[in-house]
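Protein chains in written order, with the working numbering: chain A, 1 to 112; chain B, 1001 to 1112.
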């Protein structure tokens, strides 16, 4: 199984809502990532978990809160987002930090 | 400061001909380079990678060339097929850092 799954595919939320994005992989990868991608821009790294510990936070605002409950799951908790946070949120995993990443299909987030 | 750049936002090529996509980087610490292909509403798909100890890596129709002195890499697709039409991102990493920096992308259109 070389798949990274993400749910939901689409999410519309108001600025006062709390929601969560979910990512799952069953490849035994020890590193998992969250990226944000705006239209016509490259994916931008947000967070990296290595061996279930947060190893990189790219100065992401605290309204985004990552969580890694186990080695297969990665969540991104959203609270009090702004309209400019609307984007495609991509999850990825890799075996280590020394090889290619496998990406999920993304969650298209719209903040009203 | 964009550490990885793809200066051609778009490229059109006839089916059967060679597609050459270029990527430049500025950080001399980068030692691992990857190419991804992305269709709309999907996550990036890994195509091919190259380590800085090599100057060429080949996988089927795809070949990546690395010129370390020029801090330049290129992806050659031969022969190009209509199904290759997508956005191509190069990415660079200092191995073991878990930080992959993506280029701005090149939209390839292969004309039948």
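Positions of the beta carbon are idealized from the N, C-alpha and C atoms, including for glycine.
- With respect to the 8 angstroms criterion, residue 94 of chain A and residue 111 of chain A are not classified as neighbours on the basis of their beta carbons.
- Segment contact: the stretch 48–58 of chain A against the stretch 1033–1048 of chain B, fewer than three CB-CB distances shorter than 8 angstroms; contact not assigned.
- The beta carbons of residue 27 of chain A and residue 68 of chain A sit no closer together than 8 angstroms.
- Residues of the stretch 1086–1105 of chain B with a C-beta atom less than 7 angstroms from some C-beta of chain A are 1089, 1095, 1096, 1097, 1098, 1099, 1100, 1102, 1103, 1104, 1105, listed in chain order.
- Taking 8 angstroms as the cut-off, the Cβ atoms of residue 1052 of chain B and residue 1066 of chain B count as close.
- DSSP places residue 66 of chain A in the strand class (E or B) of the three-state scheme.
- Between residue 1006 of chain B and residue 1103 of chain B, the beta carbon gap of about 4 angstroms places them in contact (Cβ cut-off 8 angstroms).
- In terms of Cα proximity to residue 54 of chain A, the closest of B:1004, B:1080, B:1101, B:1097 is B:1097.
- Within the stretch 1037–1058 of chain B, the residues whose Cβ lies closer than 8 angstroms to any Cβ of chain A are, in chain order, 1041, 1042, 1043, 1044, 1045, 1046, 1049.
- Cβ contact annotation for residue 1081 of chain B (same chain, cutoff 7 angstroms, sequence separation greater than five): 1015, 1110, in chain order.
- With contacts defined by Cβ atoms closer than 8 angstroms, residue 43 of chain A and residue 1044 of chain B form a contacting pair.
- With respect to chain B, the C-beta atom of residue 100 of chain A has a partner C-beta closer than 8 angstroms.
- The three-state reading of DSSP puts residue 1059 of chain B in strand, counting E and B together.
- Going by C-alpha positions, residue 63 of chain A is about 48 angstroms away from residue 1017 of chain B.
- What residue 48 of chain A touches in chain B, judged by beta-carbon distance under 8 angstroms, is 1098, 1099, going in chain order.
- Around residue 31 of chain A, the beta-carbon contacts reaching into chain B at under 9 angstroms are 1098.
- Any Cβ of chain B closer than 8 angstroms to the Cβ of residue 45 of chain A would place that residue at the interface, and such an atom is present.
- Distance from the CA atom of residue 1072 of chain B to the CA atom of residue 1029 of chain B, rounded to whole angstroms, is 14 angstroms.
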